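Working notes, structure below.
In the numbering used here, the protein residues as written are 4 to 492.
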């Protein structure tokens, strides 16, 4: 039975058409995956379905009745609820108050009654959390489920989830999937957006693919071929998910010995050679990001860093950048890009001294460098003064790579380089990494994506509980051996 139906949805911003006569529907008791590259129109589609954006043309109906366009509150009350990728919880409010936010009855909150309702609701999701506890102290996985509980508090019939697994470790993803399967069995229709193709095969009943704002195909997920799905998404063959590595490792560029910053991490040692990619694997909480921040001068630490044969000590990130060590954060939105600043200005942010030899910024020199970097890293924007926050995730990530290499570093630290990036942009980033190492750059890559670690690394360093626990050359690395080191199995 069709619950939600969209017909002929069209939306343009100026001369750019982001949705072009798109049809989409959701059945009761199904998970319908919505797939496509960044910029394919997925976000605009779900904003229209949720009432947050007014379409230029087309209709959205629930049980055959038209939903009010551009009225998110009315759409939510009708039973269509959206859980966005960025959490909208109020950290210092309790779980119960967050779940019931916007649904208060009368002038006063009925504390005990509200807590009982919320306790029953979160128990339905299999979550054991005190309703009176503040949200700030909850894990990311629990916060994700509280967002879903808030959506269900309004008797949701359709649940729209935008990248719900993006920040979750594998164990919590399985817990999330168990919850979604339970909701599906209760007859709720679920729209599921994810860049992780493997999740489609694990969870979805049907798949719809958008490309360049147009509907490409809607098919049953059972028996769907991965290669065909990727072709529909990107419009071309991406025959090799991970391009061939032809590593010719040179001399040691960075030697890290007994680096420590308790309680974040306790004892890390490894070396990094010119022209190679060393992957850092481990479970969430192993201390990988803290280690990279310490190497990049952003976290005080004890131990020994030897760069190009000389001991160094970085007291701040600018010290590391000046000596040829660049870092690309795992959280590009909060700690990477400056959203309101133009794409070009974002690229030169850490290299302005190169364009201001006497304290006066030489705009032409800066513009030439930006144009060259945009071409090399294929940063696609309407113009290089376009605010970086309006670029797709893949283009934001390539922008950060362009910034990090603007001063031609010797060492590049990449923390989750393809998180939240579509399959086409992932292939482009992998090709860029290969090109950089061919030029002699040494890359340290932290990733929670085990296939990425295995597919792109020349060597793999495994961390567990704040310590390096072993190293595997590419030829000997298997998922089982990596996980054995990461879990002490």
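Using N, Cα and C, we set each Cβ at its ideal position, and we do this for glycine too. Being a predicted model, the structure only gives us computed values, none of them experimental.
Taking residue i as the reference, which of the options has the closest Cα?
{"i": "residue 146", "options": "158, 57, 131", "result": "131"}
{"i": "residue 116", "options": "134, 127, 126", "result": "134"}
{"i": "residue 14", "options": "40, 30, 90, 55", "result": "55"}
{"i": "residue 165", "options": "34, 455, 463", "result": "34"}
{"i": "residue 307", "options": "271, 290, 440", "result": "271"}
{"i": "residue 28", "options": "218, 383, 447, 443", "result": "218"}
{"i": "residue 380", "options": "388, 401, 395, 260", "result": "401"}
{"i": "residue 120", "options": "155, 89, 94", "result": "155"}
{"i": "residue 9", "options": "50, 469, 20", "result": "50"}
{"i": "residue 209", "options": "199, 194, 198", "result": "194"}
{"i": "residue 369", "options": "326, 378, 350", "result": "350"}
{"i": "residue 422", "options": "168, 481, 83, 66", "result": "168"}
{"i": "residue 443", "options": "221, 412, 455, 354", "result": "412"}
{"i": "residue 470", "options": "265, 45, 199, 47", "result": "265"}
{"i": "residue 286", "options": "450, 394, 296, 84", "result": "450"}
{"i": "residue 148", "options": "90, 459, 437", "result": "90"}
{"i": "residue 32", "options": "343, 191, 175", "result": "191"}
{"i": "residue 399", "options": "122, 314, 374, 335", "result": "335"}
{"i": "residue 128", "options": "152, 141, 247", "result": "152"}
{"i": "residue 78", "options": "52, 301, 62", "result": "52"}
{"i": "residue 96", "options": "139, 68, 247, 80", "result": "139"}
{"i": "residue 282", "options": "474, 63, 484, 424", "result": "474"}
{"i": "residue 7", "options": "19, 73, 83, 427", "result": "83"}
{"i": "residue 159", "options": "223, 86, 429, 225", "result": "86"}
{"i": "residue 343", "options": "60, 390, 437", "result": "390"}
{"i": "residue 310", "options": "445, 11, 478, 137", "result": "445"}
Any idea if residue i is buried or exposed, counting beta-carbon neighbours within 10 angstroms, 16 or more meaning buried?
{"i": "residue 253", "result": "exposed"}
{"i": "residue 16", "result": "exposed"}
{"i": "residue 216", "result": "buried"}
{"i": "residue 188", "result": "exposed"}
{"i": "residue 337", "result": "exposed"}
{"i": "residue 273", "result": "buried"}
{"i": "residue 493", "result": "The shown model of the chain, from 4 to 492, leaves out residue 493, and the question about it has no answer."}
{"i": "residue 198", "result": "buried"}
{"i": "residue 39", "result": "buried"}
{"i": "residue 2", "result": "A question about residue 2 goes unanswered here, because the residues of the chain that appear run from 4 up to 492."}
{"i": "residue 482", "result": "exposed"}
{"i": "residue 110", "result": "Model confidence at residue 110 stands at a pLDDT of 41, short of 50, so the residue's coordinates are unreliable and nothing is read from them."}
{"i": "residue 5", "result": "exposed"}
{"i": "residue 476", "result": "exposed"}
{"i": "residue 440", "result": "buried"}
{"i": "residue 70", "result": "buried"}
{"i": "residue 177", "result": "exposed"}
{"i": "residue 143", "result": "exposed"}
{"i": "residue 431", "result": "buried"}
{"i": "residue 388", "result": "exposed"}
{"i": "residue 290", "result": "buried"}
{"i": "residue 228", "result": "exposed"}
{"i": "residue 93", "result": "exposed"}
{"i": "residue 46", "result": "buried"}
Can you pull the DSSP bridge partners for residue i?
{"i": "residue 168", "result": "Per DSSP, none; premise fails for residue 168."}
{"i": "residue 14", "result": "22"}
{"i": "residue 448", "result": "282, 417"}
{"i": "residue 48", "result": "Answer by DSSP bridge pairing: none, since residue 48 is not bridged."}
{"i": "residue 198", "result": "None; residue 198 has no bridge partner."}
{"i": "residue 97", "result": "137"}
{"i": "residue 313", "result": "310"}
{"i": "residue 351", "result": "None, per the DSSP bridge assignment."}
{"i": "residue 476", "result": "462"}
{"i": "residue 162", "result": "84, 193"}
{"i": "residue 213", "result": "218"}
{"i": "residue 305", "result": "263"}
{"i": "residue 30", "result": "5"}
{"i": "residue 361", "result": "None, per the DSSP bridge assignment."}
{"i": "residue 69", "result": "64"}
{"i": "residue 238", "result": "None, per the DSSP bridge assignment."}
{"i": "residue 470", "result": "270, 467"}
For the putative contact between residue i and residue j, defined by C-beta atoms under 8 Å, what is the C-beta separation to the nearest angstrom?
{"i": "residue 102", "j": "residue 76", "result": "17 Å between Cβ atoms; not a contact."}
{"i": "residue 41", "j": "residue 396", "result": "5 Å"}
{"i": "residue 382", "j": "residue 407", "result": "With a Cβ gap of about 13 Å, residue 382 and residue 407 do not count as contacting."}
{"i": "residue 267", "j": "residue 293", "result": "4 Å"}
{"i": "residue 179", "j": "residue 186", "result": "About 11 Å; that fails the 8 Å criterion."}
{"i": "residue 295", "j": "residue 263", "result": "Wrong, their Cβ atoms sit about 14 Å apart, outside the cutoff."}
{"i": "residue 279", "j": "residue 250", "result": "5 Å"}
{"i": "residue 409", "j": "residue 323", "result": "Between residue 323 and residue 409 the Cβ distance is about 14 Å, and since that is not below 8 Å, they are no contact."}
Contact the region 358-365 vs the region 314-323: 3+ CB pairs below 8 Å: no
Inter-stretch contact (C-beta, 8 Å, three-pair minimum) for the region 329-338 and the region 402-417: yes
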